[in-house]
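Chains as they are written, first to last, in this note's numbering: chain A, 1 to 520; chain B, 1001 to 1520.
Every residue gets a Cβ at the ideal spot worked out from N, C-alpha and C, and that includes glycine.
Have a look at the structure below before the remarks.
Number of protein chains: 2
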Amino acid sequence: MGENDESEIIEHHDDEEMEKRRKPRNHSNSFLESLSSSEKEGHSSTQSSHRLLAYSDALISIIATVMILPVAHTKFQDTEELKQSIQSLLTTKVAVYLMTFLIVTVAWAAHIRLFQVIERIDDTLALLNLACMMLITFLPYTFSLMAMFPNYILGILLFCACVMVIGLIQCLIVLYGFSHPFLLNDQIQMSENQAYYKQHILKVIMRVPIMCLFASIFSVIFFQLSYVILAIVIFLPYISECLKWIRNKTIGGQVEDSPDSMLFYTYQPSEPLSKERVEAFSDGVYAIVATLLILDICEGNVPDPSVVKKQFNNSLTAALQEYGPEYLAYFGSYATVGLLWFVHHSLFLHVTKATRLMGLFNTFSLAFVGGLPLAYQLTHEFPRGSRNELEAVQISCVIIFFAGLFQLAMWVVALFTERETLHPYVRYGGRDHTFMLAKLSLYPCVALGTFFLTCILSRFSAPIFHMMEIGVPFAFLLLRLLVRVALALLRWLFCSARNDLDSVPVEEEDLRLPITDVLT
Amino acid sequence: MGENDESEIIEHHDDEEMEKRRKPRNHSNSFLESLSSSEKEGHSSTQSSHRLLAYSDALISIIATVMILPVAHTKFQDTEELKQSIQSLLTTKVAVYLMTFLIVTVAWAAHIRLFQVIERIDDTLALLNLACMMLITFLPYTFSLMAMFPNYILGILLFCACVMVIGLIQCLIVLYGFSHPFLLNDQIQMSENQAYYKQHILKVIMRVPIMCLFASIFSVIFFQLSYVILAIVIFLPYISECLKWIRNKTIGGQVEDSPDSMLFYTYQPSEPLSKERVEAFSDGVYAIVATLLILDICEGNVPDPSVVKKQFNNSLTAALQEYGPEYLAYFGSYATVGLLWFVHHSLFLHVTKATRLMGLFNTFSLAFVGGLPLAYQLTHEFPRGSRNELEAVQISCVIIFFAGLFQLAMWVVALFTERETLHPYVRYGGRDHTFMLAKLSLYPCVALGTFFLTCILSRFSAPIFHMMEIGVPFAFLLLRLLVRVALALLRWLFCSARNDLDSVPVEEEDLRLPITDVLT
């Protein structure tokens, strides 16, 4: 830790990551370099980017989840069938929410990529980043303009303008970073191909603004085409990467044309994604979603004193009883979001490195989580026992199911590359592995169970749903016990099976480890 | 870093802090202890509390700033004088906002205190903490009930019930922590007075719920008294600590009756406050405040297609021009909040340890920051050149002034105990010290200047304000240059003074260091 005394701020949070990447033979080299650069430039000019990124993550996560509010604030008529209102919702507002979430997370991924290359910042970069953030926070508005007025070009022009300016600012940041090499990632800083890296990164970044420029030009002539171009901008790198992967799998033979192995700005599913930032972004989304309903309650559910006087004979309790279902909705959605956060938290405790594919599933999971408050609010908006209520309950179950399922998908993806992405003690076969699987599958299972139960006992959909709300937190508390009981049961079954058949299945070798762990 | 291989999760983020606190002679002891405990309990049961706390900070910061929304959504009549509307606002909504902010930050401080004692968590603690958070997020609602219906006891009963349950959960957490000592702070873990610590902490925590129990009993009999009791609950520890401090200063002689020096659960202004958590909480508040206006814009400022058709002859641009001032308000408030965050970020780069007093000033600064979007929105709500507009601009200036001033106060407090709280190179006299001071004083000075300028040129208040909005970001970009010019000017002045008077002032010794630094 000797060098930390000299450049404490710079290396405050990067230690650990650097420690891993830095090859032993380069250690003394980088040590000297960092010393000389920090002496050259003074302490205050170079800073760890940790807090700047945390703040950016907070901003982006708020913006990504904001667009659920217009959906949630749509008022339903009790007489109207939910199906119709859901259909009208689906057409614009839910679409805007999902597209905003997607586009903002794409911008966020670009931001991660950028600041994996530039690992240290100074005041100029901090200010440039704030300007970039301002434009990203403005994106949802341009998108809702596009959705509300699909035949006007103003929305798409505004969107393109924002994206172009964001791209230019990112280019500025890259140019600034490469002109002050001590700000860069250690790997690039020590590489002999800095010029190549710079060119490659600029090329990738500039691709988007240039496409947007074309889109905005086309929008004047024939604006339907510009939507196509925008879709290409977002999906092209993934499609081309998919095609490349398929080609490699079928024909074989990896063609590597870069002088260094390019770790950044590839679109491969195994491209590293800063684990810390995935956590920070998810925390932000979970926190906003958990509190979305209390925002509404604080603003809308305090009755007017005059109303209390006239309608409720001065009885505040009676006036508040009218809002009863909404409090229940709040506590229900808070508990569900909180527990989904808890599962996410447990999952990432075991993860050592996040990849782009895991990030993608995380985004999908979060997008469903964002819909939860809306679903819970719907559940309590319709008269008891009505068909609407049943459908609202079922929609809630579907949303919870998919939110949990994509968390499970993250875990499965991590297991596929477990040597790189997981701690050794949770790899397939360990006790912690079983326990984690139980945590991850609890919500999907419960949601699925509730869904089918409400199909059969459609009359009692609301009571069943409330029972689930109350039961799940206790299930999580007792999960360790439940897993032990289940494993003991499994062992008992296997033991009796062994006695009968006298043949040991191959999988049991893996299973025996946790069982003995648990029982001893 | 040898022990990290064995217990990577547990010590993931606590390393650095522990490294400082842990006395060298105890090192091997704690190493053995952590080894044995992690082997005894398995890996997954014990976790670093880092992310749990980050999530809690995010939740609490959202809840603290939420109550500005009802204030911001109050509609003003253009004909009505601003003074009157401001007065009616001040009476309830602003009071609710400020009191909520205060109470939530008190709950947050209690949460910090608790998790400075319990440094590692397991699943049970994580779930208990989520339950505790749920009740904290419900506090603002009970408070707005109290403010709207001061003569009903329901609000105060609900508030007391929440606080009592929070207290009980915190007690549970403490009891759980002391029954699993490897979860505790290292200092307490190794202390021989664990029982004393436990008793002291429980006593401090239980004080609040017991007072609330009394308050709720009194509220049935004579409810005005219960408000007094609640005020005592919040302020008593600070008042008693103040009195103790004054007594010690006047009479002298510190009476220390605890067997160990109690680092936690004292209410001294120098009590340590986790720097990481102060940053996370502030980030959350700044991020929410920066995006508050875009929330409104996304929801309220997308015109209805039918309105565009009827009123604006299908011209979307014309329809959006109506919202022009609100976009300006958004960008203005975003830039101001972003730059105040930037100053805060720069300040905390230099801080090594945060104290309770710094936390208090931080809270005050953040409370003013929370009012910014409201002030900016007001600025653009009134007709050009009206008296209302002038007053709105002046209120904005006052809010910016105080937000910046309390940041400056934090810096001054840190300077008073600079040996403990600041990095060596920013202590009084360094170049970075001067530069930091310039950053901190920029916003108060500009706000004060704008305020007086609008007093003189009251007609041009809005243009002056917009000039300020545009100018300040560039001032921050050029600040390093400006400081150098100012120091060079100062040096020139001092040199000529020295030639004249031939006597060197004492302060100059300190000043010369930065000047030579800058010029060479």
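Item to check | Proximity test, Cβ basis, 8 Å: residue 324(A) and chain B | outcome: As a first step, residue 324(A) must be located in the first sequence, where it is residue number 324. So no, residue 324(A) is outside the interface.
Next on the checklist: Excluding the 5 residues flanking residue 1398(B) on each side, which residues of the same chain have their C-beta closer than 8 Å to its C-beta?
Outcome noted: Start at 1 with the first residue of the second sequence, and residue 1398(B) comes out as number 398. Same-chain partners within the cutoff: 1447 and 1451.
Next on the checklist: If the criterion is Cβ atoms closer than 8 Å, does the pair residue 47(A) and residue 1349(B) meet it?
Outcome noted: Position 47 of the first sequence, counted from the first residue, corresponds to residue 47(A). Position 349 of the second sequence, counted from the first residue, corresponds to residue 1349(B). For residue 47(A) and residue 1349(B), yes; Cβs fall inside 8 Å.
Checklist entry - For chain A, is any of its Cβ atoms less than 8 Å away from the one on residue 1108(B)? => result What you label residue 1108(B) is simply residue 108 of the second sequence in a count that begins at 1. For residue 1108(B), not one C-beta of chain A is nearer than 8 Å to its own C-beta.
Next on the checklist: So, for residue 1279(B): in the same chain, excluding its five sequence neighbours on each side, which residues have a beta-carbon less than 6 Å away from its beta-carbon?
Outcome noted: As a working note, residue 1279(B) is residue 279 in the second sequence. Short of 6 Å from the beta carbon of residue 1279(B), and not among the five residues preceding or following it, lie these beta carbons of its own chain, in chain order: 1348.
Checklist entry - With a cut-off of 8 Å, does the C-beta of residue 384(A) fall near any C-beta of chain B? => result Taking the first sequence and counting its residues from 1, the one referred to as residue 384(A) is at position 384. At a cut-off of 8 Å between C-beta atoms, residue 384(A) does not count as an interface residue with respect to chain B.
Item to check | Contact with chain A by residue 1046(B), beta-carbon distance below 8 Å | outcome: One-based indexing of the second sequence puts residue 1046(B) at position 46. It does not; no Cβ of chain A falls within 8 Å.
Next on the checklist: Against chain A, with Cβ distances strictly below 8 Å, would residue 1358(B) count as a contact?
Outcome noted: Within the second sequence, residue 1358(B) is the residue found at index 358, counting from 1. For residue 1358(B), no CB of chain A lies under 8 Å from its own CB, so it is not counted at the interface with that chain.
Checklist entry - Which of the three DSSP states, helix, strand or coil, is assigned to residue 120(A)? => result Position 120 of the first sequence, counted from the start, is the residue given in the question as residue 120(A). Strand, per DSSP.
Checklist entry - Can we say the segment 56-69 of chain A touches the segment 132-149 of chain A, given the rule of at least three CB pairs closer than 8 Å? => result Of all C-beta pairs linking the segment 56-69 of chain A to the segment 132-149 of chain A, three or more are shorter than 8 Å, placing the two stretches in contact.
Checklist entry - What's the C-alpha gap between residue 245(A) and residue 1468(B)? => result Reading the first sequence from its first residue, position 245 is the one you call residue 245(A). Reading the second sequence from its first residue, position 468 is the one you call residue 1468(B). Roughly 53 Å separates the two Cα atoms.
Checklist entry - Alpha carbon to alpha carbon, how far is residue 1494(B) from residue 1063(B)? => result On the second sequence, residue 1494(B) is found 494 positions in, with the first residue counted as 1. On the second sequence, residue 1063(B) is found 63 positions in, with the first residue counted as 1. Distance between the alpha carbons of residue 1494(B) and residue 1063(B) is about 51 Å.
Checklist entry - Of all the residues that make up the segment 288-308 of chain A, which are near chain B by a beta-carbon distance shorter than 7 Å? => result Within the segment 288-308 of chain A, those residues whose Cβ lies closer than 7 Å to any Cβ of chain B are, in chain order, 288, 290, 291, 294, 295, 297, 298, 299, 302 and 305.
Next on the checklist: What would DSSP say about residue 274(A), mapped onto helix, strand or coil?
Outcome noted: In the first sequence, counting from the first residue as 1, residue 274(A) sits at position 274. Look at residue 274(A) here: in three-state DSSP terms it is coil, with no helix or strand label.
Checklist entry - Just to confirm, are residue 1057(B) and residue 1368(B) a CB contact at a threshold of 8 Å? => result Counted from its first residue, the second sequence places residue 1057(B) at position 57. Counted from its first residue, the second sequence places residue 1368(B) at position 368. Residue 1368(B) is positioned such that its CB atom lies no closer than 8 Å to that of residue 1057(B).
Item to check | Members of the segment 333-349 of chain A that neighbour chain B once the beta carbon cut-off is set at 8 Å | outcome: Residues are counted here when their Cβ sits less than 8 Å from a Cβ of chain B; for the segment 333-349 of chain A these are 334, 335, 338, 339, 341, 342, 345, 346, 348 and 349, given in chain order.
Checklist entry - Which value, in whole angstroms, describes the spacing of the CA atoms of residue 478(A) and residue 1308(B)? => result Position 478 of the first sequence, counted from the first residue, corresponds to residue 478(A). Position 308 of the second sequence, counted from the first residue, corresponds to residue 1308(B). Using only the alpha carbons, I get a separation of about 57 Å.
Next on the checklist: If the criterion is Cβ atoms closer than 8 Å, does the pair residue 107(A) and residue 139(A) meet it?
Outcome noted: Taking the first residue of the first sequence as 1, we reach residue 107(A) at position 107. Taking the first residue of the first sequence as 1, we reach residue 139(A) at position 139. In this structure, residue 139(A) lies closer than 8 Å to residue 107(A) by Cβ.
Next on the checklist: Which residues does DSSP list as the beta-bridge partners of residue 1355(B)?
Outcome noted: Counting from one through the second sequence, the residue named residue 1355(B) turns up at place 355. Residue 1355(B) has 1272(B) as its beta-bridge partners, per DSSP.
Checklist entry - Which of helix, strand or coil does DSSP assign to residue 422(A)? => result Residue numbering aside, residue 422(A) sits at position 422 when the first sequence is read from its first letter. Of the three classes helix, strand and coil, the one that applies to residue 422(A) here is strand, per DSSP.
Checklist entry - In three-state terms, what does DSSP make of residue 315(A)? => result In the first sequence, the residue the question calls residue 315(A) occupies position 315. In the displayed model, residue 315(A) falls within coil according to three-state DSSP, outside both helix and strand.
Checklist entry - Going by DSSP, what residues sit across from residue 1184(B) in a beta bridge? => result Numbered from 1 along the second sequence, position 184 holds the residue referred to as residue 1184(B). Looking at the DSSP assignment, residue 1184(B) forms a beta bridge with 1118(B).
Next on the checklist: For a contact defined as C-beta to C-beta under 8 Å, what are the partners of residue 1141(B) on chain A?
Outcome noted: Position 141 of the second sequence holds residue 1141(B). Chain order gives the chain A residues near residue 1141(B) as 294, 297, 298, 301 and 302, where near means a beta carbon separation below 8 Å.
Checklist entry - Is residue 70(A) helix, strand or coil by DSSP? => result Counted from its first residue, the first sequence places residue 70(A) at position 70. If DSSP states are grouped into helix, strand and coil, residue 70(A) belongs with the helices.
Item to check | Burial state of residue 456(A) (16 or more Cβ within 10 Å) | outcome: The count along the first sequence starts at 1 and reaches residue 456(A) at position 456. Per the 10 Å Cβ criterion, exposed.
Checklist entry - Anyone know if the C-beta pair for residue 1114(B) and residue 1164(B) falls short of 8 Å? => result As a working note, residue 1114(B) is residue 114 in the second sequence. As a working note, residue 1164(B) is residue 164 in the second sequence. Residue 1114(B) is not a Cβ neighbour of residue 1164(B), given a cutoff of 8 Å.
Item to check | Between the CA atoms of residue 1441(B) and residue 1482(B) - distance to the nearest angstrom | outcome: Locating residue 1482(B) in the second sequence gives position 482, where the first residue counts as 1. Locating residue 1441(B) in the second sequence gives position 441, where the first residue counts as 1. Near 13 Å, if we compare the C-alpha coordinates of residue 1441(B) and residue 1482(B).
Checklist entry - Cα separation between residue 1283(B) and residue 1204(B)? => result Locating residue 1283(B) in the second sequence gives position 283, counting from the first residue. Locating residue 1204(B) in the second sequence gives position 204, counting from the first residue. If you draw a straight line from the Cα of residue 1283(B) to the Cα of residue 1204(B), it is about 29 Å long.
Checklist entry - At least one CB of chain A closer than 8 Å to the CB of residue 1484(B): is that the case? => result Residue numbering aside, residue 1484(B) sits at position 484 when the second sequence is read from its first letter. When Cβ-Cβ separations below 8 Å define contact, residue 1484(B) makes no contact with chain A.
Item to check | Inter-residue Cα distance where the pair is residue 112(A) and residue 1292(B) | outcome: Stepping through the first sequence from its first residue, residue 112(A) is reached at position 112. Stepping through the second sequence from its first residue, residue 1292(B) is reached at position 292. Taking the Cα positions, residue 112(A) is about 24 Å away from residue 1292(B).
Checklist entry - Taking just the CA atoms, how far does residue 1384(B) sit from residue 127(A)? => result The count along the first sequence starts at 1 and reaches residue 127(A) at position 127. The count along the second sequence starts at 1 and reaches residue 1384(B) at position 384. Computed Cα separation, rounded: 31 Å.
Item to check | Cβ-Cβ distance between residue 1390(B) and residue 1461(B) below 8 Å | outcome: Taking the first residue of the second sequence as 1, we reach residue 1390(B) at position 390. Taking the first residue of the second sequence as 1, we reach residue 1461(B) at position 461. Inclusion of residue 1390(B) and residue 1461(B) in the CB contact set at 8 Å is warranted, their separation being smaller than that value.
Checklist entry - How would you call residue 1120(B), buried or exposed, if buried means at least 16 neighbouring beta carbons within 10 angstroms? => result As a first step, residue 1120(B) is located in the second sequence; it is residue number 120 there, counting from the start. With 16 or more other Cβ atoms inside 10 Å of its own Cβ, residue 1120(B) counts as buried.
Checklist entry - Helix, strand or coil: how does DSSP classify residue 49(A) here? => result Position 49 of the first sequence, counted from the first residue, corresponds to residue 49(A). Coil at residue 49(A), not helix or strand.
Item to check | Neighbourhood of residue 1257(B) by C-beta distance below 7 Å, restricted to the same chain and skipping five residues each side | outcome: What you label residue 1257(B) is simply residue 257 of the second sequence in a count that begins at 1. A caution first: residue 1257(B) carries a pLDDT of 47, below 50, which makes its placement in the model unreliable, though a value can still be read off. Here residue 1257(B) has no same chain residue with a Cβ atom under 7 Å from its own Cβ, once five neighbours each way along the sequence are excluded.
Next on the checklist: Considering just the uninterrupted stretch of the alpha helix (DSSP H) at residue 323(A), what are its terminal residues?
Outcome noted: Here the question's residue 323(A) lines up with position 323 in the first sequence. If you look at residue 323(A), you'll find it isn't in any alpha helix (DSSP H); DSSP assigns it neither H nor E.
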